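S.K.: Following this message is one structure expressed as C-alpha coordinates.
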Amino acid sequence: MLVVFAGGMVANGLLGEPILAPLKNTPQLLVATACWYIVFYTPFDIGYKVAKFLPVKLVASAMKEIYRAKKIHDGVTHAAKLYPNAFIIMIIIGTLKGNGAGFTKLLERLIRGVWTPTAMEFLQPSFYTKASLIASIIFVLDKKTDLISAPHALVYFGIVIFLVYFKLSSILLGIHDPFVPFENLSCALFFGGIWDSLAKILGRGQAKEEAKDAKKSN
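Using our numbering, the first residue of the sequence shown is number -10, and each one after it goes up by one.
This is the structure:
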(Lines of atoms letter the chains of each structure in order from A and count residues from 1; the text may use other names and numbers.)
(Lines give C-alpha, C1' and ligand atoms only; values in the text may rest on other atoms or scores of the structure.)
Protein backbone atom coordinates (compact mmCIF):
# COMPACT_ATOMS: atom_id res chain seq x y z
CA MET A 1 0.00 0.00 0.00
CA LEU A 2 2.96 2.32 0.61
CA VAL A 3 3.92 2.04 -3.06
CA VAL A 4 0.39 2.19 -4.46
CA PHE A 5 -0.63 5.34 -2.56
CA ALA A 6 2.84 6.87 -2.23
CA GLY A 7 2.10 9.90 -4.41
CA GLY A 8 -0.89 11.02 -2.38
CA MET A 9 0.84 10.39 0.94
CA VAL A 10 3.99 12.35 0.05
CA ALA A 11 2.01 15.20 -1.49
CA ASN A 12 -0.29 15.42 1.54
CA GLY A 13 2.72 15.49 3.83
CA LEU A 14 4.19 18.44 1.96
CA LEU A 15 0.87 20.30 1.84
CA GLY A 16 0.19 19.83 5.56
CA GLU A 17 -2.75 17.49 5.04
CA PRO A 18 -3.40 14.05 6.61
CA ILE A 19 -0.82 11.65 5.22
CA LEU A 20 -3.15 8.64 5.47
CA ALA A 21 -6.00 10.40 3.65
CA PRO A 22 -5.44 8.42 0.40
CA LEU A 23 -6.31 5.24 2.30
CA LYS A 24 -9.86 6.47 2.98
CA ASN A 25 -10.91 5.45 -0.55
CA THR A 26 -12.17 1.96 0.28
CA PRO A 27 -12.87 0.78 -3.31
CA GLN A 28 -9.33 1.65 -4.43
CA LEU A 29 -7.92 -0.01 -1.34
CA LEU A 30 -9.87 -3.21 -2.03
CA VAL A 31 -8.82 -3.26 -5.70
CA ALA A 32 -5.16 -2.79 -4.76
CA THR A 33 -5.37 -5.55 -2.15
CA ALA A 34 -7.08 -7.92 -4.61
CA CYS A 35 -4.44 -7.29 -7.28
CA TRP A 36 -1.65 -7.82 -4.75
CA TYR A 37 -3.16 -11.12 -3.61
CA ILE A 38 -3.84 -12.39 -7.15
CA VAL A 39 -0.32 -11.64 -8.37
CA PHE A 40 1.56 -13.04 -5.38
CA TYR A 41 -0.60 -15.76 -3.83
CA THR A 42 -2.70 -17.51 -6.49
CA PRO A 43 -1.83 -21.22 -6.89
CA PHE A 44 0.90 -22.10 -9.40
CA ASP A 45 1.60 -18.37 -9.94
CA ILE A 46 -1.37 -18.17 -12.31
CA GLY A 47 -2.02 -14.52 -11.49
CA TYR A 48 1.60 -13.56 -12.08
CA LYS A 49 1.77 -15.45 -15.37
CA VAL A 50 -1.44 -13.84 -16.60
CA ALA A 51 -0.12 -10.40 -15.63
CA LYS A 52 3.13 -11.09 -17.52
CA PHE A 53 1.25 -12.24 -20.64
CA LEU A 54 2.10 -9.58 -23.22
CA PRO A 55 -1.43 -8.50 -24.32
CA VAL A 56 -2.57 -8.27 -20.69
CA LYS A 57 0.61 -6.40 -19.76
CA LEU A 58 0.11 -3.90 -22.59
CA VAL A 59 -3.49 -3.17 -21.61
CA ALA A 60 -2.61 -2.85 -17.91
CA SER A 61 0.35 -0.58 -18.69
CA ALA A 62 -1.79 1.69 -20.89
CA MET A 63 -4.45 1.92 -18.15
CA LYS A 64 -1.75 2.71 -15.60
CA GLU A 65 -0.44 5.62 -17.69
CA ILE A 66 -3.97 6.96 -18.19
CA TYR A 67 -4.41 6.94 -14.42
CA ARG A 68 -0.97 8.55 -14.00
CA ALA A 69 -2.09 11.46 -16.19
CA LYS A 70 -5.20 11.84 -14.01
CA LYS A 71 -3.11 11.89 -10.82
CA ILE A 72 -0.75 14.51 -12.24
CA HIS A 73 -3.68 16.69 -13.28
CA ASP A 74 -5.38 16.27 -9.91
CA GLY A 75 -2.15 17.16 -8.12
CA VAL A 76 -1.64 20.34 -10.14
CA THR A 77 -5.30 21.33 -9.73
CA HIS A 78 -5.28 20.74 -5.97
CA ALA A 79 -2.05 22.69 -5.47
CA ALA A 80 -3.42 25.53 -7.62
CA LYS A 81 -6.40 25.87 -5.27
CA LEU A 82 -4.13 26.16 -2.22
CA TYR A 83 -1.38 28.26 -3.81
CA PRO A 84 -2.85 30.01 -6.87
CA ASN A 85 0.36 31.83 -7.86
CA ALA A 86 3.00 29.29 -6.80
CA PHE A 87 3.91 27.55 -10.03
CA ILE A 88 6.80 25.62 -8.46
CA ILE A 89 4.54 24.09 -5.81
CA MET A 90 2.05 23.01 -8.47
CA ILE A 91 4.82 21.36 -10.48
CA ILE A 92 6.27 19.61 -7.42
CA ILE A 93 2.91 18.25 -6.27
CA GLY A 94 2.00 17.12 -9.79
CA THR A 95 5.34 15.33 -10.15
CA LEU A 96 4.97 13.61 -6.78
CA LYS A 97 1.43 12.55 -7.61
CA GLY A 98 2.63 11.11 -10.91
CA ASN A 99 5.53 9.07 -9.54
CA GLY A 100 5.37 9.07 -5.78
CA ALA A 101 6.50 5.44 -5.66
CA GLY A 102 9.86 6.43 -7.08
CA PHE A 103 10.47 8.90 -4.26
CA THR A 104 9.51 6.40 -1.55
CA LYS A 105 11.56 3.60 -3.11
CA LEU A 106 14.34 3.99 -0.54
CA LEU A 107 11.92 3.73 2.40
CA GLU A 108 10.04 0.81 0.83
CA ARG A 109 13.27 -1.14 0.32
CA LEU A 110 14.41 -0.32 3.84
CA ILE A 111 11.17 -1.79 5.22
CA ARG A 112 11.86 -4.97 3.22
CA GLY A 113 15.36 -5.13 4.70
CA VAL A 114 17.23 -3.98 1.59
CA TRP A 115 19.40 -0.90 2.10
CA THR A 116 20.16 0.90 -1.17
CA PRO A 117 21.32 4.44 -0.31
CA THR A 118 22.37 5.12 -3.91
CA ALA A 119 18.84 4.63 -5.30
CA MET A 120 17.79 8.25 -4.82
CA GLU A 121 15.12 9.48 -7.20
CA PHE A 122 16.26 13.06 -6.62
CA LEU A 123 19.77 12.28 -7.86
CA GLN A 124 18.94 9.77 -10.59
CA PRO A 125 15.36 10.45 -11.70
CA SER A 126 13.64 7.75 -13.71
CA PHE A 127 11.77 8.35 -16.95
CA TYR A 128 8.45 8.42 -15.09
CA THR A 129 9.64 11.23 -12.84
CA LYS A 130 10.86 13.21 -15.86
CA ALA A 131 7.60 12.57 -17.73
CA SER A 132 5.54 13.58 -14.68
CA LEU A 133 7.61 16.76 -14.37
CA ILE A 134 7.04 17.68 -18.02
CA ALA A 135 3.33 16.87 -17.79
CA SER A 136 3.02 19.01 -14.65
CA ILE A 137 4.72 21.94 -16.38
CA ILE A 138 2.38 21.64 -19.36
CA PHE A 139 -0.70 21.49 -17.12
CA VAL A 140 0.49 24.55 -15.18
CA LEU A 141 1.13 26.49 -18.39
CA ASP A 142 -2.29 25.47 -19.67
CA LYS A 143 -4.08 26.51 -16.47
CA LYS A 144 -2.20 29.64 -15.45
CA THR A 145 -0.86 31.20 -18.65
CA ASP A 146 -1.90 31.96 -22.20
CA LEU A 147 1.10 30.22 -23.76
CA ILE A 148 -0.99 27.18 -24.72
CA SER A 149 -3.99 28.14 -26.83
CA ALA A 150 -5.27 24.60 -27.41
CA PRO A 151 -8.42 23.42 -25.59
CA HIS A 152 -7.81 21.87 -22.19
CA ALA A 153 -9.29 18.53 -23.27
CA LEU A 154 -6.83 18.36 -26.17
CA VAL A 155 -3.89 19.15 -23.89
CA TYR A 156 -5.00 16.44 -21.46
CA PHE A 157 -5.40 13.96 -24.31
CA GLY A 158 -1.93 14.83 -25.60
CA ILE A 159 -0.40 14.13 -22.19
CA VAL A 160 -2.18 10.76 -22.04
CA ILE A 161 -0.93 9.81 -25.52
CA PHE A 162 2.60 10.90 -24.57
CA LEU A 163 2.66 8.73 -21.44
CA VAL A 164 1.01 5.70 -23.05
CA TYR A 165 3.22 5.83 -26.15
CA PHE A 166 6.51 5.85 -24.28
CA LYS A 167 5.33 3.20 -21.82
CA LEU A 168 4.42 0.84 -24.65
CA SER A 169 7.67 1.74 -26.42
CA SER A 170 9.64 0.68 -23.36
CA ILE A 171 7.87 -2.70 -23.37
CA LEU A 172 7.87 -3.42 -27.10
CA LEU A 173 10.97 -1.58 -28.34
CA GLY A 174 13.17 -1.41 -25.26
CA ILE A 175 13.27 2.41 -25.25
CA HIS A 176 13.41 2.96 -21.51
CA ASP A 177 14.37 6.65 -21.40
CA PRO A 178 13.97 8.75 -24.56
CA PHE A 179 15.27 11.82 -22.73
CA VAL A 180 18.84 10.48 -22.45
CA PRO A 181 20.10 11.80 -25.85
CA PHE A 182 18.75 15.28 -25.07
CA GLU A 183 20.27 15.17 -21.58
CA ASN A 184 23.66 14.19 -22.97
CA LEU A 185 23.50 16.99 -25.53
CA SER A 186 22.47 19.61 -22.97
CA CYS A 187 25.18 18.44 -20.55
CA ALA A 188 27.79 18.71 -23.28
CA LEU A 189 26.66 22.19 -24.35
CA PHE A 190 25.60 23.90 -21.14
CA PHE A 191 27.18 22.04 -18.19
CA GLY A 192 30.83 21.81 -19.14
CA GLY A 193 30.84 18.44 -20.87
CA ILE A 194 32.73 19.69 -23.92
CA TRP A 195 35.28 21.57 -21.84
CA ASP A 196 35.89 18.58 -19.56
CA SER A 197 36.51 16.38 -22.59
CA LEU A 198 38.88 18.94 -24.11
CA ALA A 199 40.72 19.26 -20.81
CA LYS A 200 41.18 15.50 -20.64
CA ILE A 201 42.40 15.34 -24.23
CA LEU A 202 44.82 18.23 -23.74
CA GLY A 203 45.96 16.79 -20.44
CA ARG A 204 46.75 13.44 -22.06
CA GLY A 205 48.58 15.21 -24.87
CA GLN A 206 50.71 17.16 -22.43
CA ALA A 207 51.45 14.02 -20.44
CA LYS A 208 52.58 12.20 -23.58
CA GLU A 209 54.82 15.11 -24.59
CA GLU A 210 56.36 15.23 -21.12
CA ALA A 211 56.98 11.48 -21.26
CA LYS A 212 58.68 11.81 -24.66
CA ASP A 213 60.85 14.68 -23.41
CA ALA A 214 61.83 12.64 -20.38
CA LYS A 215 62.86 9.70 -22.57
CA LYS A 216 64.90 11.97 -24.86
CA SER A 217 66.69 13.57 -21.92
CA ASN A 218 67.56 10.13 -20.55
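Built from N, CA and C at the ideal position, the CB exists for glycine as well. From a predicted model like this one, the values you see are computed outputs, not experimental measurements.
So, with DSSP's three-state summary, where would you put S186?
M.R.: Along the sequence shown, one-based indexing puts residue 186 at 197. The answer is helix: DSSP assigns S186 an H, G or I state.
S.K.: The alpha helix (DSSP H) with L99 in it runs from where to where?
M.R.: As a working mapping, residue 99 is identified with position 110 in the sequence shown. That run of the alpha helix (DSSP H) goes 94 to 100.
S.K.: Is A90 helix, strand or coil when you go by DSSP?
M.R.: In the sequence shown, the residue the question calls residue 90 occupies position 101. Here A90 sits in helix by DSSP.
S.K.: Return helix, strand or coil for Y145, following the three-state DSSP convention.
M.R.: To locate residue 145, count along the sequence shown from 1; it is residue 156. It is helical.
S.K.: Using a 10 Å radius around the Cβ and a threshold of 16 neighbouring Cβ atoms, would you call R57 buried or exposed?
M.R.: The residue you call residue 57 lines up with position 68 of the sequence shown. Around the beta carbon of R57, 16 or more other beta carbons lie within 10 angstroms, which makes this residue buried.
S.K.: When DSSP labels each residue in this structure, what does P7 get in the three-state scheme?
M.R.: In the sequence shown, the residue the question calls residue 7 occupies position 18. It is coil, neither helix nor strand.
S.K.: Is the beta carbon of K132 closer than 8 Å to that of V39?
M.R.: Along the sequence shown, one-based indexing puts residue 39 at 50. Along the sequence shown, one-based indexing puts residue 132 at 143. For V39 and K132, no; Cβs fall outside 8 Å.
S.K.: Less than 8 Å between the beta carbons of T235 and L(-9), yes or no?
M.R.: Since the first and last residues shown for the chain are -10 and 207, residue 235 lies out of range.
S.K.: Using the C-alpha atoms, what's the distance from I190 back to K60?
M.R.: Translated into the one-based positions of the sequence shown, residue 60 becomes position 71. Translated into the one-based positions of the sequence shown, residue 190 becomes position 201. Computed Cα separation, rounded: 48 Å.
S.K.: With distance defined between alpha-carbon atoms, name the residue in A124, F171, S50 nearest to F151.
M.R.: For the purposes of this step, residue 151 is taken as residue 162 along the sequence shown, with counting starting at 1. Residue A124 holds the alpha-carbon nearest to the alpha-carbon of F151 among A124, F171, S50.
S.K.: Could you tell me which uninterrupted alpha helix (DSSP H) segments, each at least 4 residues in length, are contained entirely in the stretch 14 to 84, listed from first to last along the chain?
M.R.: 15 to 30, 35 to 41, 43 to 71
S.K.: Measuring only the C-alpha atoms, how far is F33 from A108?
M.R.: Residue numbering aside, residue 33 sits at position 44 when the sequence shown is read from its first letter. Residue numbering aside, residue 108 sits at position 119 when the sequence shown is read from its first letter. The alpha-carbon atoms of F33 and A108 are separated by roughly 32 Å.
S.K.: Please work out which residues of its chain come closer than 8 Å, Cβ to Cβ, to I100, disregarding the five sequence neighbours upstream and downstream, and give them in chain order.
M.R.: The sequence position of residue 100 within the sequence shown is 111, counting from 1. Contacts found: L(-9).
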